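Below is one structure, written out as structure tokens, with a few remarks after it.
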Amino acid sequence: MNLYLLSQGTNSGYDTYDSCVVAAETPEDAVTITPNATEFKDMKRPYWSWCFDVQDVQCSLIGAAVEGTERGVVIASFNAG
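Numbering (numbering that gives the first Met the number 0), first residue to last: 0 to 80.
Next up, the structure:
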């Protein structure tokens, strides 16, 4: 399991997430996890607190997770309004 920094810059302002750290096996899997711990495919329009397209997610490997870490959100940055 690896740790990935996910960020997005297309949906900003109040009540949105700008980034998060997730645990996942691959970068392709990591970008499907949203900061509010849902799957990208399960997000509903018209109100999303993350970006609108998975292609807008930037993903960077930041290290290996400790043994036993489960897939999902480790920490997220939310811009409350």
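Ideal placement from N, C-alpha and C gives every residue a C-beta, glycine not left out. Just so we're clear, the structure is a prediction, and the values are computed from it rather than from any experiment.
How many Å lie between residue i and residue j at the Cα?
| i | j | result |
| --- | --- | --- |
| E24 | E69 | 10 Å |
| N10 | T33 | 13 Å |
| A64 | L2 | 6 Å |
| G71 | C58 | 14 Å |
| A22 | C50 | 19 Å |
| S18 | N78 | 10 Å |
Thinking C-alpha only, which one of the options is nearest residue i?
| i | options | result |
| --- | --- | --- |
| T15 | V30, N35 and G67 | N35 |
| P26 | L5, D55 and F51 | L5 |
| Y74 | Q7, G12, E38 and V20 | Note that residue 74 is Ile in the sequence shown here, rather than Tyr. It is V20 whose Cα lies nearest to the Cα of I74. |
| G8 | V53, G80, I61 and E66 | V53 |
| V56 | F77, A79, T31 and S76 | T31 |
Can you tell me which of the three DSSP states residue i falls into?
| i | result |
| --- | --- |
| E38 | strand |
| Q57 | strand |
| A64 | coil |
| A23 | strand |
| A75 | strand |
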